[in-house]
Amino acid sequence: MRSSNAVSAEATRRGDDACPGETPSPRNDVNGVVNGVVWVLEEDEDEHDTHWVDEALVAVGVGWHQAALFAFVGLAWMSDAMEVMLVAVLAPAIGCEWGASPEAQSLLASAAFTGMMLASSAWGMVADLAGRKRAFAFAAALAATSGLVSSVAPSLALLVAARVAVGAGLVGVLPLYTLMEEWLPRGTDSSRGKWLVAFQAWWSVGTVLEALLALALLNTWGWRALLAASALPLGCVLLLLPLVPESPHYLAVSRGATATGGAAARAAAESALLAAARRNGTTEALRRCLSRQRRRQQRRQEAAGGAKGPGGDVSSRSCSTIGAGEGTDRRTSLEVECSAGSAGAASRPLLAHAHGGGGGPSDAATILVEADSSGAGLTEASRSEAGGCCGGCFASLASLISTLFSERLRGRTWRLAVVWFACALVYYATVMLAPTVAAGAAAMGPDGGGGMAGDCRPWPGGGGGSHLQLPTGAYLAIMVAAAAELPSLVWAFLAVDRWSRRRVVAVGLAATAAALAPLAMVTSRAAGLAAAPPGAPPPPGGLASASAFTTAAASDFEWPDLGSLSGDTAGPSPAGYLPHRWIPFAAVTGARLFVSGAFTLLYVLTPEQYPARVHGVALGAANTLARVGALAAPFVAVALPARGLMPAAVGLLTAACGVAALAALGLPEAGT
């Protein structure tokens, strides 16, 4: 954690007008002014809105403020994980109690992901327009309430509807991740990426806690008690929300404040920054930084108002070049700040792109053109104001979405969509497969029987009905598979600022495909055994009955399931077993390890591919495609194995990893 004196000394070394983390550069005029048009090379026109916030955050430093925010956002992330991980046990429990088919179980398991898919982009837009805190408040209230409602659902249809609403609320936790990301300084050192990677450990904690909660409640009290208990943590997190500060980036560009000229927006952002600096002990350093920024801005305004521009009606532009910063998160191109002359000019400057085709500097060229007095060149803010409240809102939404698919960004948007889809599909498929393969039912027969090994037992006391009784080994498998994510977090933590993030994501996806190869081999052998006549000798190589696809084909093999290893048996496995029973579970666990690391880095990589103004929408849109993958996961990991198509399921997962790895390699480096 940086002290105020250290930050002050850094500012002194850099010069009177430089905030910590900023490299001062000489101010000079920009060549190429022709007929009132100024050609400016810049990375992104939206970065000017919050560039001063990035400088101020360096002065704030990293300290107790970020640590407290890390704990709160982590608790929300943990609560989200607990609700999502219910799919591993809820679907088979409903199959036992209500006699649901494998397809119906898959539909239930995908219900929450359907809600996530439908609401993901919406919460991103709400976060960018109304703030990160408000977006999370509405989303958390929806998720917690719907979770309690689902615990008393009287039918499968109502339960599915309630879980869709739960998913729609759960995806609203994502704006808090944006909030955490926007409170971390850029370009000061290598800690920013590590904070974001370490944040993912909360997800693994949530999966382990959900497994423990299921162990305590499911066998004894049933799935309704488990659903109600799983909804409570998110409600508790919601009560702590008033203590959380809003993002300074959002406050600096908030629409309601910028309508008054920007002064109120800057004041709100500075107030939040000063509160954070007090917690970190860097108040004096921040005050000096803000004071220097104001003096620098005043000099620009004075220089801008001194002469007439080439067109006669527009005051001359005062353009100053800011030297490119260094480091992973700093822009590497030139940024030019231009200010128009007098406030009473009849026409206003309008920023428009002149795109090149090579992805180099010409691709990010910006033209400063003049708007005529008829109003044909209104800026985006003017168009929003002219359209009224609703018209301005829709115009802002359209602008945010169109930015993602602009000529310069559409390629990375499509590539990220493929990667997010594949990561979600494979991750949640391995989550659902882990307890299944551990209990010896990795490839159940066409007669179904649920997605897990276990017994449907009558409730004690003879009250009627039955409930799912899972072996302890199944819960152990869930916890072991969840714990396997921790090494992947260590790997991502070490790699995030050391190597290219897009390449690390690609390597993780390729390693996931390689880890699934043994499972493909085992299930293919099992398929061959299932097709053999009853009583035929097992194939060579020791893989006698890798969770055979039919109970008849496995009737001659009676190896115990994993529950017997802990002294707890909930009945025989619904399918046969194999001597090397660890191979399928090790393959699924290894795949989850690698895909979890890739998924973690994807949350860090995605915002860096877009300008700050659309960070929320970008993550929301990416998560929409991720939820499509998660929605498909139950049909791949539950329905296909239940119908004897485990090799097809593994093949789909492997192919998805390969395609996504190629898409990740095609992304540009962060900040380009």
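Here the sequence shown is numbered in the numbering used here, starting from 448 and rising by one per residue. From the three backbone atoms N, C-alpha and C, an ideal C-beta is built for every residue, glycine too.
From the DSSP output, in three-state form, read off residue i for me.
i	result
P632	coil
S913	strand
P1031	helix
V477	Low local confidence applies: a pLDDT of 33 at V477 is under 50, so the model's placement there is unreliable, with the coordinate-based value given in what follows. Note: V477 maps to coil in three-state DSSP.
P905	strand
Y1057	coil
A600	coil
E731	helix
G858	helix
V618	helix
R1125	Not covered by the structure: residue 1125. The range shown for the chain is 448 to 1119.
E1116	coil
V691	coil
S947	coil
S1043	helix
S593	helix
R1074	helix
Q744	helix
S853	coil
Taking a contact to mean a Cβ-Cβ separation below 7 Å, would you say residue i touches residue j in this structure?
i	j	result
R579	T625	yes
G616	A528	no
W668	V618	no
V1083	L1099	yes
N727	G510	yes
A724	P692	no
A540	W642	no
A1079	C736	no
V500	H696	yes
A960	T1101	yes
G1037	A939	no
L656	S526	no
A699	A710	no
L1087	V952	no
V1097	A967	yes
S651	E932	yes
A881	A924	yes
L936	A648	yes
L664	A672	yes
P965	A1068	no
Q1056	R862	no
Note the first and the last residue of the continuous alpha helix (DSSP H) segment covering residue i.
i	result
E544	V534 to W545
T919	T919 to A930
V531	W511 to V531
L681	W670 to L686
T1101	M1093 to L1112
A723	A710 to N727
Q552	P549 to A577
V700	P695 to V700
L504	H498 to V507
Assuming residue i contacts residue j under a Cβ cut-off of 8 Å, what Cβ separation, rounded to an integer in Å, is found between them?
i	j	result
L1052	L621	Going by Cβ atoms, the distance from L1052 to L621 rounds to 15 Å, so no, they are not a contact pair.
L555	L533	With a Cβ gap of about 10 Å, L555 and L533 do not count as contacting.
V865	A1110	4 Å
P431	V969	Missing from the structure shown is residue 431; the chain here goes from 448 to 1119 and no further.
A558	V607	5 Å
A869	V1106	7 Å
R949	L1112	7 Å
V684	A587	7 Å
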